[in-house]
Structure formats: structure tokens, C-alpha cells
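Colleague: Take a look at the following structure, please.
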Amino acid sequence: MESVLGRYRNLIILVGVLFLQVLGLAVQVKRGNDSENTRLIRIWAVDAITPFERGLVSLQEGVSGIWHNYVYLRGVRAENRDLEKQIEQMRLQEVRLSEDAAQARRLQSLLSFKEQVVAKTVAAQVIGSSGSDLSRAVYIDKGSDQGLAPDMAVITANGIVGKILRVYPSTSLVLLINDQSSGVGVILEKSRLQGGLRGTANGQVILEHIMSDEDVKPGETVLTSGGDRIFPKGLPVGTVSQVKNGKETFLDIRVKPYADLSRLEEVLVVTQKQDRQAVADEGQHTRAADILAQRLPSVPDAPPATPISSVPASAVSNTAPVQPKTAAGTQTTPGSTLQPKSATGTPAATQPVTGTPSVKTTTPPSAAGTPPHVTDANSPPAVKPGQKPTTKQGIPAAAPAKGQAGRVAQNSSIQPKPASPPQTSNETH
Amino acid sequence: MPITYTSGEQIEVYRFSIPVTIGVPLLAIFLQAFLPRHFPFFSIFDLPLLVTIFFAMARRNPIAGLLTGAAIGLFQDCLGGYPIGVYGIAKTVVGYGASSLGSRLDVENTGARFLITFGFYLVHSAVYFAVARGMVNLTLTWSWSRGLVAGLANAALGIFLYFVLDKFKQRT
Numbered sequence: 013m014e015s016v017l018g019r020y021r022n023l024i025i026l027v028g029v030l031f032l033q034v035l036g037l038a039v040q041v042k043r044g045n046d047s048e049n050t051r052l053i054r055i056w057a058v059d060a061i062t063p064f065e066r067g068l069v070s071l072q073e074g075v076s077g078i079w080h081n082y083v084y085l086r087g088v089r090a091e092n093r094d095l096e097k098q099i100e101q102m103r104l105q106e107v108r109l110s111e112d113a114a115q116a117r118r119l120q121s122l123l124s125f126k127e128q129v130v131a132k133t134v135a136a137q138v139i140g141s142s143g144s145d146l147s148r149a150v151y152i153d154k155g156s157d158q159g160l161a162p163d164m165a166v167i168t169a170n171g172i173v174g175k176i177l178r179v180y181p182s183t184s185l186v187l188l189i190n191d192q193s194s195g196v197g198v199i200l201e202k203s204r205l206q207g208g209l210r211g212t213a214n215g216q217v218i219l220e221h222i223m224s225d226e227d228v229k230p231g232e233t234v235l236t237s238g239g240d241r242i243f244p245k246g247l248p249v250g251t252v253s254q255v256k257n258g259k260e261t262f263l264d265i266r267v268k269p270y271a272d273l274s275r276l277e278e279v280l281v282v283t284q285k286q287d288r289q290a291v292a293d294e295g296q297h298t299r300a301a302d303i304l305a306q307r308l309p310s311v312p313d314a315p316p317a318t319p320i321s322s323v324p325a326s327a328v329s330n331t332a333p334v335q336p337k338t339a340a341g342t343q344t345t346p347g348s349t350l351q352p353k354s355a356t357g358t359p360a361a362t363q364p365v366t367g368t369p370s371v372k373t374t375t376p377p378s379a380a381g382t383p384p385h386v387t388d389a390n391s392p393p394a395v396k397p398g399q400k401p402t403t404k405q406g407i408p409a410a411a412p413a414k415g416q417a418g419r420v421a422q423n424s425s426i427q428p429k430p431a432s433p434p435q436t437s438n439e440t441h
Numbered sequence: 005m006p007i008t009y010t011s012g013e014q015i016e017v018y019r020f021s022i023p024v025t026i027g028v029p030l031l032a033i034f035l036q037a038f039l040p041r042h043f044p045f046f047s048i049f050d051l052p053l054l055v056t057i058f059f060a061m062a063r064r065n066p067i068a069g070l071l072t073g074a075a076i077g078l079f080q081d082c083l084g085g086y087p088i089g090v091y092g093i094a095k096t097v098v099g100y101g102a103s104s105l106g107s108r109l110d111v112e113n114t115g116a117r118f119l120i121t122f123g124f125y126l127v128h129s130a131v132y133f134a135v136a137r138g139m140v141n142l143t144l145t146w147s148w149s150r151g152l153v154a155g156l157a158n159a160a161l162g163i164f165l166y167f168v169l170d171k172f173k174q175r176t
């Protein structure tokens with residue numbers, strides 16, 4: 013007997029070690045993946061690794077910050093000019109979108125829709141991965157101390173990233189959407205077909221449960237459907253990159269995520285979602301043209317006490333503000349310099365108000381007395397790069413009047429569109 | 005001291021200092037968790053597996069090999085999202101197999117190391133998939149192309165890694 017045990021000692025120990033592990037695995041599977049039995053050992057393992065990861069990330073950021081903020085500053089001025097132009101264009105676009113959003117809210121209100129919005133997020137930094145190619149997950153530097161909990165959605169400005177799988181005091185494990193065990197309820201933007209998203213062994217993302225007789229084309233946008241109760245509806249996911257006939261009766265659809273899952277750095281964790289009734293804005297309706305009037309450059313008021321006869325005629329013709337009119341033809345803000353007109357050039361008073369009014373703006377004359385010129389609202393305003401446009405009261409156009417800014421922000425807080433990042437209130441801990 | 009022979013050559017058994025025994029596996033796990041964040045292609049490598057194979061082949065002791073594999077695999081499981089034990093079982097088998105093979109063959113040769121690493125990578129993947137699908141009920145799909153490419157990549161990296169780790173060997 014002893015000789016048999018001695019001869020097969022190695023094999024017996026191997027079987028014993030394997031048996032213990034299989035037993036432990038079976039207990040975990042039996043009690044569910046969310047079992048707290050292994051929490052302590054996982055915390056020890058994570059605490060042994062993450063401090064070094066945090067240290068290296070901090071060191072890397074420090075070196076990178078020194079390089080980018082002090083050494084590598086070539087082309088910053090040119091880039092700044094380009095960005096300022098881009099900001100002006102985006103402001104104009106925002107005005108138009110806010111009108112669309114207000115209209116959508118009115119329609120939703122009529123239908124008594126409930127919309128789910130991202131109410132609160134926590135910014136976090138990715139500090140490491142799970143250390144396995146077969147389990148696609150990353151660690152972030154925020155945990156239960158910052159209010160994080162399992163099954164919270166993790167997103168970036170570009171699109172969704174995954175969900176929180178496990179939470180530790182100062183770190184969390186995020187299961188990415190390209191992991192094979194992940195699942196996200198999604199909807200195709202144009203065809204409104206619903207399916208499930210999951211990862212493959214190669215780290216790709218596929219869309220399942222779409223029947224083969226459906227018409228799905230590459231390039232179509234994929235959004236969250238909200239059916240998984242983790243991601244709010246309407247968050248951008250990615251685009252359809254490839255469509256093939258798959259096994260059985262379903263299509264084999266590959267999706268290219270908007271978020272670069274292999275190069276994640278900063279993410280947002282959705283810590284609070286909010287179900288709210290869509291409410292139409294019943295207050296004073298502000299037209300896009302009026303908002304534009306507040307934002308675009310104007311001419312300062314002429315001194316009121318000065319008699320018109322004492323001012324040179326050339327000065328009067330150059331500085332007299334053009335009075336804007338509302339859709340009803342009444343005068344709006346005194347001194348505003350805009351004259352809204354329809355696309356055909358007829359006065360706005362005779363045209364119905366639409367979400368995208370064509371606005372002709374008159375820019376003020378320059379200090380050198382050059383004549384004013386007319387620009388279209390669809391093109392960037394004639395503001396010199398680096399020059400801050402001001403309103404009549406001298407307020408920089410970048411910081412519009414409080415009431416107006418608040419209205420735009422309120423209008424923009426509707427369900428985010430795929431083209432723009434979700435409107436969230438970030439809490440950085 | 006058991007000395008085994010193969011092809012008439014005497015096979016030496018090595019040991020390692022405690023800092024190397026503990027530090028190298030920990031460093032491998034740390035790098036495996038940290039580097040793919042900056043170099044996504046690095047996720048194809050499995051440094052903890054290479055370290056397991058190296059220690060098992062150098063020590064040529066099946067018990068030490070399987071225990072080393074189990075410890076490294078379980079630690080790796082703790083960092084992953086799946087139940088603990090999937091990697092543990094796979095690396096236990098690899099540790100036992102590599103040390104058993106190391107006690108019978110000359111594993112100092114570069115070609116032999118390449119083939120052994122490639123073979124054990126496939127064994128590791130097969131055991132992992134079997135356990136993950138059979139016990140944990142994960143919906144994993146086997147990809148031969150990915151497995152072969154990853155196996156070759158790990159075998160190539162293993163040659164350089166073993167060359168570095170050879171410096172820490174101590175003769176018994």
C-alpha cells in the first residue's frame with residue numbers, strides 16, 4: 013500500500029489540488045457569481061496590485077503633464093484659433109438643437125412619456141486590466157467609498173463602456189461590453205430593431221437576435237435600448253461594421269464600439285438615473301433668433317442724452333443699432349442688433365417660427381470705420397480669432413445672460429443624442 | 005537528491021531564492037494587468053503562464069510545479085471577473101505537466117522550450133475553456149486561429165523571458 017502511495021504520490025497530490033479547486037468553484041457557481049464568499053480574498057489580491065498601478069499611473073501622468081504642458085507647446089496658438097472657430101459654430105448648432113429638443117419635449121409631454129436620464133456621474137480613471145485576455149475587464153480608481161455599486165453603467169463621452177462587476181473600497185472592476193459574458197440591450201437607430209450585444213473570444217462586439225430577413229446595413233448607429241435596466245435608453249454604443257448571414261435564422265452583425273475599449277483612460281460611472289415625466293416648457297418661449305441676438309456681437313448704445321443733430325451723420329449711420337423683431341413683429345431686447353428674416357428674405361414677422369430659422373446678422377463696424385457686413389447664421393460669425401465678441405452691455409458673448417444660458421441648458425438636458433455626449437452633472441471625487 | 009537522465013545527459017535541478025520565487029510571479033501578474041492598458045496587443049501574452057512553465061521546468065519537481073501553478077492561477081483569478089479557480093485549475097495542470105516533462109527531457113534547449121511553451125499554451129487554453137464552459141457555464145467560443153497565433157507569440161516571448169530568468173537560477 014505504501015509503495016503504491018509513494019509511487020503515485022505526485023499524481024495523488026495533483027488530483028487532490030484539482031479536486032479542492034473544483035469543489036471551491038462548484039460552491040461559487042452554486043451560490044451565484046455575486047457571492048460574498050470570495051470577497052475578502054479578492055480584496056487582498058486587488059490591494060496587492062492596485063497601489064503599484066496607481067503609483068505608475070500617477071508617475072506617468074506627471075511626466076506626461078510636464079511634457080505636454082511645458083515642453084510640447086508647438087502649434088498651440090493655431091490650435092486655439094481653430095478651437096475658437098469651432099466653438100462659435102457649435103454655439104450656433106446648439107441653438108438649433110435646443111429648439112429641436114424643446115419640440116421633442118413638447119411631443120413627449122403630449123404622449124405622457126417617461127424619460128430616463130443620467131442624473132449623476134462619477135469620473136474615474138482606468139488604472140489596470142484584469143490581467144487576462146479571456147476576461148475583458150478593467151480596474152478603475154473609484155470604489156464603494158465614492159458611492160459606486162455593482163451593475164452601475166460605465167460610459168465615456170463617445171459611448172458606453174461596460175458595467176461595474178465588483179466594487180472594492182477604493183477600486184472597482186468594470187466588465188467591458190466586449191467580454192464574452194457581457195450583455196447589453198440595444199436598438200438600431202434607423203430600423204428600430206432590438207437585439208442583444210455581447211463580446212466574442214477575439215474581443216469583438218456582436219449584435220445578436222436580429223432575424224436574417226431584416227434589413228440591416230453597415231454604418232447604422234446602435235443605441236442602448238434601456239431594456240437591460242443598466243444603461244439608460246438612447247446612449248450611443250457604436251456602428252454596425254459588418255452584416256452577414258449567420259447560423260440558423262439570425263444575422264451575424266459586428267458592431268464597432270464608439271468608445272475605444274482597448275485604450276480607456278477616463279470614464280464616467282452613472283451613479284444615479286432618474287425617471288421623470290417629460291414636461292413641455294410652458295414658460296416664455298425663446299426663439300433661436302433671440303438667443304443668437306444675445307450671443308452675437310453688437311454695437312454699444314449711443315449716449316441717450318446726445319441730441320441727434322450734434323452727432324455726425326456718418327457716425328449715426330454706422331452705430332445706430334438695427335432693431336430686431338419677434339415673430340409677431342414686436343420689438344425685442346432694446347438695442348439688440350439682429351433682424352431675423354426668413355430664408356426667402358422676407359421679414360420674420362410674416363413667417364412661422366421654425367427650429368432652424370435663417371438669420372441674417374449685422375456685425376458692427378470696426379474701430380477703423382469699415383462698413384458693417386451681413387453674414388448668415390449658418391456660417392461662423394465674423395469675429396476675429398482671439399477677439400472676444402461682446403453684447404451691447406459689454407458682456408462677453410461666451411458668457412450669455414444668465415436667464416438665456418439657463419434656458420438653453422434646460423433645453424439641452426433631454427435624452428442625449430448619439431452625436432453629442434450625454435448631459436451629466438459630474439462629481440469628481 | 006533524485007537525478008534523472010535523458011539521452012545520457014545529466015539533468016540538473018535548480019532552485020530559486022525566496023524573493024525571486026515570490027517576486028517574479030507577482031511582477032508577472034502585475035505587468036499582465038498593467039501593460040495591456042497602454043499596449044493593447046500585449047493582452048495576447050500570458051506572462052503568468054510563462055512564469056509557471058519556467059519555474060516548473062527548472063525545478064523539475066511535479067509537486068512544486070503544480071503548487072506554483074495553482075498559486076499563480078488563483079491569484080490571477082482573484083483579479084478577473086469570473087469565479088476563482090478557472091485559471092487555478094488550468095495552471096495547476098500546466099505546472100504539473102511542465103515539471104513532469106522537465107524531469108524527463110532536456111528543456112534547456114531553445115527549440116525544446118519553444119515547442120513546450122507552445123504546447124502548454126494550447127493545453128492551458130483547452131483546460132480553461134473546458135472548465136469555463138463545463139462548470140461556470142460561460143458562453144465562451146473557441147477560436148483556433150487566435151489560439152495558434154497566441155501560442156506562437158507566447159512561445160516566442162517565452163524564449164527571451166526564460167533567458168532572463170535563467171540568471172536567477174541557483175544550482176542545488
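Chains as they are written, first to last, in the numbering used here: chain V, 13 to 441; chain X, 5 to 176.
Glycine included, every Cβ here is placed at the ideal spot set by N, Cα and C.
Note that the structure is predicted; figures quoted are calculated from it, not measured.
Please decide whether V/PHE64 counts as near chain C, where near means a Cβ-Cβ distance under 7 Å.
Modeller: Given the protein chain composition of this structure (V and X), no chain C is represented.
Colleague: What is the rounded straight-line gap between the Cα of V/THR342 and the Cα of V/ALA161?
Modeller: Counting from one through the first sequence, the residue named residue 342 of chain V turns up at place 330. Counting from one through the first sequence, the residue named residue 161 of chain V turns up at place 149. At V/THR342 the pLDDT is 39, less than 50, meaning the model places this residue with poor confidence and gives no usable figure here.
Colleague: For a contact defined as C-beta to C-beta under 9 Å, what are the partners of X/THR143 on chain V?
Modeller: Taking the first residue of the second sequence as 1, we reach residue 143 of chain X at position 139. Per Cβ cutoff of 9 Å: GLN192, SER193 and ARG210.
Colleague: Is it buried or exposed, V/ASN92, if we count other Cβ atoms within 10 angstroms and call 16 or more buried?
Modeller: For the purposes of this step, residue 92 of chain V is identified with residue 80 of the first sequence, where counting begins at 1. So V/ASN92 counts as exposed.
Colleague: Would you mind stating whether V/GLU232 and V/LEU200 have Cβ atoms separated by less than 7 Å?
Modeller: Position 220 of the first sequence holds residue 232 of chain V. Position 188 of the first sequence holds residue 200 of chain V. It is a contact, given that the beta carbons lie within the stated cut-off.
Colleague: Please check if any C-beta of chain X sits within less than 7 Å of the C-beta of V/ALA57.
Modeller: On the first sequence, position 45 is the one that residue 57 of chain V refers to. At least one chain X Cβ lies under 7 Å of V/ALA57.
Colleague: Can you confirm whether V/ASN22, when its beta carbon is compared against all beta carbons of chain X, has any partner nearer than 7 Å?
Modeller: For the purposes of this step, residue 22 of chain V is taken as the residue at position 10 of the first sequence. Yes, because at least one Cβ of chain X sits closer than 7 Å to the Cβ of V/ASN22.
Colleague: Which residues share a DSSP beta bridge with V/LYS268?
Modeller: Counted from its first residue, the first sequence places residue 268 of chain V at position 256. Partner(s): V/THR251.
Colleague: Is the CB of V/LEU185 under 7 Å away from at least one CB in chain X?
Modeller: In the first sequence, residue 185 of chain V corresponds to position 173, counting from 1. Answer yes: the Cβ-Cβ gap between V/LEU185 and chain X drops below 7 Å somewhere.
Colleague: Among V/GLY215, V/TYR180, V/GLY246 and V/MET164, which one has its Cα closest to the Cα of V/LYS202?
Modeller: The count along the first sequence starts at 1 and reaches residue 202 of chain V at position 190. Minimum Cα distance to V/LYS202 is reached at V/GLY246.
Colleague: What are the residues that DSSP puts in a beta bridge with X/ARG175?
Modeller: Counted from its first residue, the second sequence places residue 175 of chain X at position 171. For X/ARG175, which the question treats as bridged, DSSP gives the partners X/TYR18.
Colleague: Classify X/GLY155 as helix, strand or coil using the three-state DSSP reduction.
Modeller: Counting from one through the second sequence, the residue named residue 155 of chain X turns up at place 151. Correct three-state label for X/GLY155: helix.
Colleague: For X/GLN36, return the contacting residues in chain V, with the cut-off set at a CB-CB distance below 7 Å.
Modeller: Looking up residue 36 of chain X in the second sequence gives position 32. The contacting residues are GLY143.
Colleague: Quick one: what's V/PHE262 bridged to in DSSP?
Modeller: One-based indexing of the first sequence puts residue 262 of chain V at position 250. V/PHE262 is bridged to V/MET223.
Colleague: Taking 7 Å as the cut-off, decide whether the C-beta atoms of V/LEU37 and X/GLY89 are in contact.
Modeller: Residue numbering aside, residue 37 of chain V sits at position 25 when the first sequence is read from its first letter. Residue numbering aside, residue 89 of chain X sits at position 85 when the second sequence is read from its first letter. In contact: V/LEU37 and X/GLY89 (Cβ atoms closer than 7 Å).
Colleague: When DSSP labels each residue in this structure, what does V/GLU106 get in the three-state scheme?
Modeller: The count along the first sequence starts at 1 and reaches residue 106 of chain V at position 94. DSSP places V/GLU106 in helix when its eight states are reduced to three.
Colleague: So who's on the other strand from V/LEU280, going by DSSP bridges?
Modeller: By 1-based counting over the first sequence, the position of residue 280 of chain V is 268. Bridge partners of V/LEU280: V/ALA135 and V/ILE167.
Colleague: Are the C-beta atoms of X/THR96 and some chain V residue less than 7 Å apart?
Modeller: As a working mapping, residue 96 of chain X is identified with position 92 in the second sequence. So, interface residue.
Colleague: In or out: V/VAL88 buried (at least 16 other Cβ within 10 Å) or exposed?
Modeller: Sequence index remark: in the first sequence, residue 88 of chain V carries index 76 (1-based). It counts as exposed.
Colleague: Return helix, strand or coil for V/ARG210, following the three-state DSSP convention.
Modeller: Here the question's residue 210 of chain V lines up with position 198 in the first sequence. Reduced to three states, the DSSP call for V/ARG210 is strand.
Colleague: Does the distance between the C-beta of V/GLN33 and the nearest non-hydrogen atom of the ligand FAD fall short of 6 Å?
Modeller: No copy of the ligand FAD occurs in the structure displayed, which carries no ligand at all.
Colleague: Given this structure, state the Cα-to-Cα distance separating V/LYS154 from V/SER182, to the nearest angstrom.
Modeller: For the purposes of this step, residue 154 of chain V is taken as residue 142 along the first sequence, with counting starting at 1. For the purposes of this step, residue 182 of chain V is taken as residue 170 along the first sequence, with counting starting at 1. V/LYS154 and V/SER182: Cα-Cα distance of roughly 5 Å.
Colleague: Compare the C-alpha of X/THR96 against each of X/TYR86, X/ALA75, X/LEU105 and X/THR114 and name the closest.
Modeller: What you label residue 96 of chain X is simply residue 92 of the second sequence in a count that begins at 1. Nearest C-alpha to X/THR96: X/ALA75.
Colleague: Put V/LYS245 into one of helix, strand or coil per three-state DSSP.
Modeller: For the purposes of this step, residue 245 of chain V is taken as the residue at position 233 of the first sequence. It is coil, neither helix nor strand.
Colleague: If contacts are defined as beta-carbon pairs under 8 Å, then X/GLY69 and X/ALA94 qualify, I think. What distance do you get, rounded to the angstrom?
Modeller: Within the second sequence, the letter at position 65 stands for residue 69 of chain X. Within the second sequence, the letter at position 90 stands for residue 94 of chain X. Between X/ALA94 and X/GLY69 the Cβ distance is about 14 Å, and since that is not below 8 Å, they are no contact.
Colleague: Using Cβ-Cβ distances below 9 Å, what residues of the stretch 212-240 of chain V are close to chain X?
Modeller: So the list reads THR212, ALA213, ASN214 and GLY215, given in the order they occur along the chain.
Colleague: Are there 16 or more other CB atoms within 10 angstroms of the CB of V/ALA389, so buried, or fewer, so exposed?
Modeller: Position 377 of the first sequence holds residue 389 of chain V. Because V/ALA389 sits at a pLDDT of 40, beneath the cut-off of 50, its placement in the model cannot be relied upon, and the following sentence gives the value as read from the coordinates. Classification for V/ALA389: buried.
Colleague: Taking V/GLN115 as the query, report the chain X residues whose CB atoms sit under 7 Å from its CB, ordered along the chain.
Modeller: As a first step, residue 115 of chain V is located in the first sequence; it is residue number 103 there, counting from the start. Under the 7 Å cutoff, chain X gives no residues; its nearest Cβ is about 43 Å from V/GLN115.
Colleague: Closer than 8 Å by beta-carbon distance: list the chain V residues that pair up with X/GLN174, in chain order.
Modeller: In the second sequence, counting from the first residue as 1, residue 174 of chain X sits at position 170. Under the 8 Å cutoff, chain V gives no residues; its nearest Cβ is about 23 Å from X/GLN174.
Colleague: Run the CB neighbour count on X/PHE45, radius 10 Å, all protein chains shown included, and call it buried at 16 or more, exposed below.
Modeller: Residue 45 of chain X sits at position 41 when you count from the first residue of the second sequence. With fewer than 16 other Cβ atoms within 10 Å, it is exposed.
Colleague: Can you name the start and end residues of the alpha helix (DSSP H) that V/ILE61 belongs to?
Modeller: Translated into the one-based positions of the first sequence, residue 61 of chain V becomes position 49. Here the alpha helix (DSSP H) through V/ILE61 covers 51-78.
Colleague: Quick one: which residues of the stretch 138-166 of chain V get their C-beta closer than 9 Å to a C-beta of chain X? List them in chain order.
Modeller: Answer in chain order: VAL138, ILE139, GLY140, SER141, SER142, GLY143, SER144, ASP145, LEU146, SER147, ARG148, ALA149, VAL150 and TYR151.
Colleague: Of all the residues that make up the stretch 27-43 of chain V, which are near chain X by a beta-carbon distance shorter than 8 Å?
Modeller: Correct list: VAL29, LEU30, GLN33, VAL34, GLY36, LEU37, ALA38, GLN40 and VAL41.
Colleague: Does the count of Cβ pairs from the stretch 111-130 of chain X and the stretch 51-60 of chain X closer than 8 Å reach three?
Modeller: Yes: the two stretches touch, three or more of their Cβ pairs being nearer than 8 Å.
Colleague: Report the rounded CA-to-CA distance for X/ARG63 versus X/ILE22, giving the unit in angstroms.
Modeller: Position 59 of the second sequence, counted from the start, is the residue given in the question as residue 63 of chain X. Position 18 of the second sequence, counted from the start, is the residue given in the question as residue 22 of chain X. When rounded, the distance between both Cα atoms is 14 Å.
Colleague: Does chain X have any CB closer than 7 Å to the CB of V/ILE53?
Modeller: Locating residue 53 of chain V in the first sequence gives position 41, counting from the first residue. Output row for V/ILE53: interface = yes.
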